[in-house]
Amino acid sequence: MKKSFQSRQGGCPLVEYYNELNSIFMELDYRRPNDMTCVADIKKQRKCIAEDRVYIFLVGLDHSLDQVSGHVLAIAPLPSLGEAYSLVCCEVQRVLSGRLRKVLHETIFGSQGAFVEGRHILDVVLIANEVVDEKRRSCATKEGVQLEMEILDKGLFVFIKFCNPMVDVLSRLMIRAEETGITEGFFVGRDRTRVSLLQFADDTIFFSKDSMEHLQNLKIILLVFGQVSGLKINLEKNTILGLPLGGNPKTIGFWDPVVERISRRLDGWKKTFLSLGGRITLIQSCLSHIPSYFLSLFKISVSIASKIEKMQRDFLWSGAGEGKKDHLIRWEVVSRPKELGGLGFGKTMRNIALLGKWLWRFPRKRSGLWDKVIVSIHGIHPNGRDANMVVRWSHRCPWKTIAQVFQEFSPFVRLVVGNGERIRFWEDLWWGNQTLCSQFADLYRVVSVKDLTVSNVLGNSLPLSWNFNFRRNLMDSEIDLLQRLMSSLSSMLFSSSSSDSRAWSLSSSGLFSVKFFFLALSKVSNHLLFLPAKFLWSSKVPSKVKALAWLVAHGKVNTNDKLQLRRPYKALCPQWCILCKGNGESIDHLFLHCPVTIGLWHRLFNLVGLVWVPPRSLEDMLVITFKGLGNSLRGTTLWQIACLTLIWMVWQERNNRIFEDKGRTEEMV
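If you're matching positions, the sequence shown starts at 1 in full-length UniProt numbering and goes up one per residue.
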């Protein structure tokens, strides 16, 4: 029979539970495996550290290094080490962190999303939203109480800043409360996966059965815990780790925090009169990353994406509060990756690339709580590796939008055969650029069992066994196909000692990369040949010079011929080049063919002893690699600086002559 606080025997239930919680806290186990080997590791790394230079805080009777009867709580060097104190501190921390990293996943509960390698901050948010959505769909009343713990004792914070022992006590306390029937969490999905609390560092959210008795018991536990630990309890929060809980990403209000943060940043930059290069830097480093936290879990709607892009677009071309100016390059081009001539702001393609990371993480390790919840609620893909991609639930379910990315994600995944026990021979992509059922469709039609694994068909060692299991004798044309297939597979190798794995085809390491996924999604056919991204963006020149060179490479600088088309009333009359006053002003003329400019180019090449023939266009000029400064990194850097600086100086001289009526000779320039 389940117990409540009122049914417990003895005196006041609150006092009794207070005493029980206090005893749990006092019995907290600080043990670490093979404590004293830490000291041996330190001495092995730095032999200069002697036994009398290291002291140990022990819960025991003997403080000597040879006779330790307690548990090591901390290892620290003596202050008398003087100048070597910092070195020894680093060694102690490095050795301890290396040893603790191997056992943290065993000592920290799966409900805790921090401190353990492989766990991510968004795991907790995904689980919470999936659990809430599952309960909403099952017509159950969602009741949750969220706890935000704020450290009040500053002296205690120094001790618990790495791994708060209070959080571990709270986890153990809630497990004991569930075992005794005092509280009960949620059981989700077909596997009845239990979720009662989720934690990331000291941010905790509880899930309780829709029963006033259980909710009252949970509230009392939290109040008692707060009294014992000295932590403050917040019962009014409706977000978890800064993200909404149970909201609908398709509504405008869901994204209000993102829009408001961008607006506040733009308000702070008003009247700062930044250059184009400065605005590009701010967008890349700040504005484009503000939505990333949301975009890593939720699919952004078209209307919100357009609103955010408009804010970025207006700031890029007009600044903050500087009035409307010409948008020189289409936003579709601006949002492309730098390798394709854009600035990498991303639009919705970056959202898809960020969501693709969940699909990559899912099959690699099935030990996390988040993938157990996903499997329990949504099931497994027919291939046995991925999560089920057919999700028919509401738009509040984050995994629904993640599953929709699978179509763009799967073409870049390649299966690597180990023992061949998990890869389907015909239907998985593991040999060539297409599945074997597509390459050899006639053979696939006469196979009796179509989901055979590679090891079922070929075995897992040489010679290959060739167990195709055809349901009838093959015709002559099918025999030819079979011979081609067997000839193709005869060169493959097995590794019976390793399991099947998968690789990301877009990176040489085989590991998933959001950057490469975004680049692949953004590729367009027949795109123009732009200034090489490495040449431009890796150059050691100011950002404003890079921004001008980027506009020049696109042919979008406001030269006189462009102004005649865009703003005729702003164009010069007559339409000549202000530098030579003999020809019309265009990008190729101003930066390459103008007598003044071409004289500057000749002077530059004469410095390195090169005979230079002017190319047909500036585009050709920018993609040519000149060897006069050498093939070394220093030579390449010098050529980048010289080329981009000359373009900048020509533009500055042109503007000074037009707007300030100040001109300089070629020698002065």
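Glycine included, every Cβ here is placed at the ideal spot set by N, Cα and C.
Using 10 angstroms around the beta-carbon of residue i, count the other beta-carbons present and answer buried if the total reaches 16, otherwise exposed.
i, result
"R567", "exposed"
"F207", "buried"
"E260", "exposed"
"V15", "Residue placement at V15 cannot be trusted, given a pLDDT of 48 that sits under 50; the coordinates are not used to answer."
"M475", "exposed"
"G230", "exposed"
"R654", "buried"
"R432", "The amino acid at residue 432 is misidentified as Arg; the sequence shows Gly. The residue in question, G432, is exposed, as its Cβ has fewer than 16 Cβ neighbours within 10 Å."
"F517", "buried"
"N560", "buried"
"H593", "buried"
"A441", "exposed"
"I127", "buried"
From the DSSP output, read off the bridge partner residues of residue i.
i, result
"A503", "R414"
"G344", "Looking at the DSSP assignment, G344 forms no beta bridge with any residue, so it has no partner."
"L215", "According to DSSP, L215 bridges with nothing at all."
"G584", "W576"
"A128", "According to DSSP, A128 bridges with nothing at all."
"V446", "DSSP lists no partner for V446."
"A387", "I380"
"T281", "In DSSP, T281 forms no bridge with anything."
"T453", "R424"
Report the CB separation of residue i from residue j in whole angstroms; it is logged as a contact under 8 Å.
i, j, result
"K544", "G278", "7 Å"
"L481", "L443", "5 Å"
"V413", "R502", "6 Å"
"I377", "V188", "6 Å"
"L241", "D203", "6 Å"
"K299", "P249", "6 Å"
"R192", "G368", "Incorrect: roughly 18 Å between the Cβ atoms, too far for contact."
"I587", "L618", "6 Å"
"R471", "S448", "4 Å"
"R657", "I578", "5 Å"
"D386", "P411", "Going by Cβ atoms, the distance from D386 to P411 rounds to 14 Å, so no, they are not a contact pair."
"G582", "Q575", "Not quite, the Cβ-Cβ distance comes to about 12 Å (not below 8 Å), so this is no contact."
"A547", "L274", "Not really, about 11 Å apart at Cβ, beyond 8 Å."
If you reduce the DSSP assignment to three classes, tell me which class residue i lands in.
i, result
"L474", "coil"
"T193", "strand"
"P244", "strand"
"R424", "strand"
"V188", "strand"
"I220", "helix"
"T251", "coil"
"I262", "helix"
"I121", "helix"
"T636", "helix"
"V333", "helix"
"F315", "helix"
"C594", "coil"
"P257", "helix"
"L21", "Annotation note: pLDDT 48 at L21 (below 50); position unreliable, coordinate value reported separately. Looking at L21 - three-state DSSP - the assignment turns out to be helix."
"M349", "helix"
"D62", "Confidence at D62 is low in this model, with a pLDDT of 33, below 50, so its placement is unreliable and no value can be given for it."
"G230", "coil"
"W431", "coil"
"I182", "coil"
"G609", "coil"
"S303", "helix"
"C286", "helix"
"N558", "coil"
"D371", "helix"
"E134", "helix"
"C397", "coil"
"P614", "coil"
"S292", "helix"
"H327", "coil"
"residue 670", "A query on residue 670 cannot be resolved here, the shown segment of the chain reaching from 1 to 669 and no further."
"V552", "helix"
Would you verify that the beta carbon of residue i is, or is not, closer than 8 Å to some beta carbon of chain C?
i, result
"I300", "The chain inventory of the structure shown lacks chain C, comprising one protein chain alone."
Does the count of Cβ pairs from the segment 353-361 and the segment 506-526 closer than 8 Å reach three?
Yes, the segment 353-361 is in contact with the segment 506-526.
Could you check whether the segment 419-426 touches the segment 458-467, counting it as contact only if at least three pairs of C-beta atoms, one from each stretch, sit closer than 8 Å?
These segments touch.
Pairing CB atoms from the segment 208-227 with CB atoms from the segment 174-185, are three or more of them under 8 Å?
Yes, the segment 208-227 touches the segment 174-185.
Do the segment 534-548 and the segment 641-657 make contact, defined as three or more Cβ pairs closer than 8 Å?
A contact between stretches requires three or more CB pairs, one per stretch, nearer than 8 Å, and the segment 534-548 meets this requirement with the segment 641-657.
Would you be able to state if there are at least three C-beta pairs under 8 Å between the segment 286-306 and the segment 341-350?
With the cut-off at 8 Å, the segment 341-350 and the segment 286-306 touch.
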